[in-house]
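Quick note: numbering that gives the first Met the number 0 has the sequence shown finishing at residue 316, numbered continuously throughout. Beta carbons are placed, not taken as given, at the ideal position from N, Cα and C, and that holds for glycine. Computed from a prediction, not measured in an experiment: that's the story for all the values here.
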Amino acid sequence: MENHCLEMMEETSLKEENILERYDLQKTILSSWDLFKNEIELPDSFLIGEEIKPHEATNDSIDLLAYEPNESSLIVIELKRSKNKLQLLQSLSYAAMVNTWNSEKVIANIQSECNSDSTELIDLLKDMEINPNIKIVLIAEYYDPEVIITADWLSNNYSVDITAFSISIFRLDHQKFVALKQVYPLKELKDAYEIRGSQTIKNKVTSEIEWKDLLPKFEYSFAEEAIAICKKYSPGEPKRRRFSNIRSNYDGFTWISVNFRHKYITAYIKGDYEGAQEHLKSKFTDLIEINTWRDGLSFRVYTDQQYRELFDWLDLK
């Protein structure tokens, strides 16, 4: 809007732009994983790798496989250039195959060249059991109605966690732009969808981990102090590196959790309302990047100042 005018972008297609499913779209997602995972509202997920073979009985491979640490779930991501009725069936078969994977199997399939955080991912997986409830993410230009109807039936009757996004390509001069839109479940109706199958996974009993054991893994100077303060309010879950519901029904939000990662702290917030993001940003001197996830908002804290302002806002002392 520099000249107070709008320019129309021409909608095109992956086929028209000679964008291939594996060699273009998939590689773009790989190189832009941090952006992509926020767009699909799984901001804390880790990429395991591409073209992952789910079982020795098949020659097929999963386009992209990821891991969501908060539910300890694997994420099967399937890409299609246009529309394909078999996309859902294919992803379901892959989900069934990786359903039996344990943490050792997942670690063996991590492609370090695809994941700059592979060391942290391995560290997390060593202490966790894998949730048998697999998440499925579909990406395609279009969907036949029967695909969405089937996804809804599977979700409502069999608790299969399926999210479908449509991908659109736009052109302006010589530049190309990509837009993702969630088409299932509809965001506008998300409160009407009951998220079933959320199963609490028991931590492995073979090795008990305490918060003090984790301190050398955290690269920020305020980790020890922050954990000590959080422990005044909750024992937390050291194996999952988090203090769940450190605040409930607080400042207009349902709950707030604090997750400790190698290089930063992530605050997860359940709930969102008009003006919520601006309200959160007003609590911090340094700019924070706020992301959305299925049930609310999240943001990362990197600096000592951000940490102190986060705990001041949460009134944790």
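Same chain, Cβ closer than 8 Å to residue i, neighbours up to 5 away in sequence not counted
{"i": "residue 121", "result": "106, 109"}
{"i": "residue 160", "result": "72, 132, 133, 134, 135, 154, 194, 196"}
{"i": "residue 190", "result": "The predicted model places residue 190 with a pLDDT of 49, which falls under 50 and marks its position as unreliable, so this point remains unresolved."}
{"i": "residue 300", "result": "263, 264, 265, 266, 287, 306, 309"}
{"i": "residue 151", "result": "183, 184"}
{"i": "residue 98", "result": "131, 133"}
{"i": "residue 248", "result": "254"}
Proximity below 8 Å, CB of residue i to CB of residue j
{"i": "residue 268", "j": "residue 295", "result": "yes"}
{"i": "residue 142", "j": "residue 162", "result": "no"}
{"i": "residue 270", "j": "residue 252", "result": "yes"}
{"i": "residue 316", "j": "residue 255", "result": "no"}
{"i": "residue 74", "j": "residue 41", "result": "yes"}
{"i": "residue 224", "j": "residue 262", "result": "no"}
{"i": "residue 168", "j": "residue 30", "result": "no"}
{"i": "residue 385", "j": "residue 64", "result": "No answer is possible for residue 385: the residues shown for the chain start at 0 and end at 316."}
{"i": "residue 289", "j": "residue 276", "result": "yes"}
{"i": "residue 138", "j": "residue 166", "result": "yes"}
{"i": "residue 49", "j": "residue 4", "result": "no"}
{"i": "residue 6", "j": "residue 175", "result": "no"}
{"i": "residue 61", "j": "residue 51", "result": "yes"}
{"i": "residue 170", "j": "residue 9", "result": "yes"}
Limits of the unbroken alpha helix (DSSP H) element including residue i
{"i": "residue 131", "result": "No alpha helix (DSSP H) holds residue 131; the beta strand (DSSP E) holding it covers 130 to 139."}
{"i": "residue 162", "result": "It is not in any alpha helix (DSSP H) - residue 162 instead sits in the beta strand (DSSP E) that spans 160 to 171."}
{"i": "residue 72", "result": "Premise fails: residue 72 lies in the beta strand (DSSP E), 72 to 78, not in any alpha helix (DSSP H)."}
{"i": "residue 307", "result": "303 to 313"}
{"i": "residue 27", "result": "26 to 30"}
Exposure label - residue i; buried when at least 16 CB within 10 Å
{"i": "residue 21", "result": "exposed"}
{"i": "residue 179", "result": "exposed"}
{"i": "residue 79", "result": "buried"}
{"i": "residue 148", "result": "exposed"}
{"i": "residue 309", "result": "buried"}
{"i": "residue 298", "result": "buried"}
{"i": "residue 96", "result": "buried"}
{"i": "residue 66", "result": "buried"}
{"i": "residue 56", "result": "exposed"}
{"i": "residue 157", "result": "exposed"}
{"i": "residue 118", "result": "exposed"}
{"i": "residue 198", "result": "Residue placement at residue 198 is poorly supported in this model, since its pLDDT is 46, which falls under 50; the coordinates still yield a value, given next. Per the 10 Å Cβ criterion, exposed."}
{"i": "residue 81", "result": "exposed"}
{"i": "residue 44", "result": "buried"}
{"i": "residue 53", "result": "buried"}
{"i": "residue 83", "result": "buried"}
{"i": "residue 93", "result": "buried"}
{"i": "residue 85", "result": "exposed"}
Start-to-end residues for the beta strand (DSSP E) that takes in residue i
{"i": "residue 265", "result": "264 to 269"}
{"i": "residue 283", "result": "Segment: none, residue 283 is in no beta strand (DSSP E) and carries neither H nor E."}
{"i": "residue 65", "result": "61 to 67"}
{"i": "residue 157", "result": "Here residue 157 belongs to no beta strand (DSSP E); instead the alpha helix (DSSP H) covers 144 to 157."}
{"i": "residue 11", "result": "9 to 11"}
{"i": "residue 50", "result": "45 to 51"}
{"i": "residue 180", "result": "174 to 183"}
{"i": "residue 296", "result": "295 to 300"}
Own chain, CB closer than 6 Å to residue i, minus 5 neighbours either side, in chain order
{"i": "residue 206", "result": "Because the pLDDT of residue 206 is 49, which lies under 50, any placement of that residue in the model is unreliable, and the question is left without a value."}
{"i": "residue 192", "result": "In this prediction, residue 192 has a pLDDT of 48, which is less than 50 and means its spatial position is unreliable; nothing more can be read from the coordinates."}
{"i": "residue 287", "result": "298"}
{"i": "residue 246", "result": "255, 313"}
{"i": "residue 28", "result": "35"}
{"i": "residue 226", "result": "210"}
{"i": "residue 124", "result": "102, 105, 106"}
{"i": "residue 164", "result": "138, 179, 181"}
Cβ-based neighbour list, residue i, same chain, cut-off 7 Å, excluding 5 preceding and 5 following
{"i": "residue 89", "result": "77"}
{"i": "residue 209", "result": "237"}
{"i": "residue 222", "result": "214, 259"}
{"i": "residue 303", "result": "220, 221"}
{"i": "residue 375", "result": "Nothing can be reported for residue 375: it is not among the residues displayed for the chain, which extend from 0 to 316."}
{"i": "residue 244", "result": "254, 256"}
{"i": "residue 282", "result": "308, 312"}
is_contact[residue i, chain C] using C-beta, thresh 8 Å
{"i": "residue 106", "result": "You won't find chain C in this structure, because it holds only one protein chain."}
Handout entry: 3-residue-minimum beta strand (DSSP E) runs that sit fully inside the region 198 to 259, ordered along the chain
Key = For the region 198 to 259, whole beta strand (DSSP E) runs of length 3 or above, ordered along the chain, are 241 to 249, 252 to 259.
Exercise for the section: Can you check the region 84 to 127 for any alpha helix (DSSP H) of at least 4 residues that lies completely inside it and give the ranges in chain order? Expected result: As far as the region 84 to 127 is concerned, its whole alpha helix (DSSP H) runs of at least 4 residues are 85 to 97, 102 to 107, 117 to 125.
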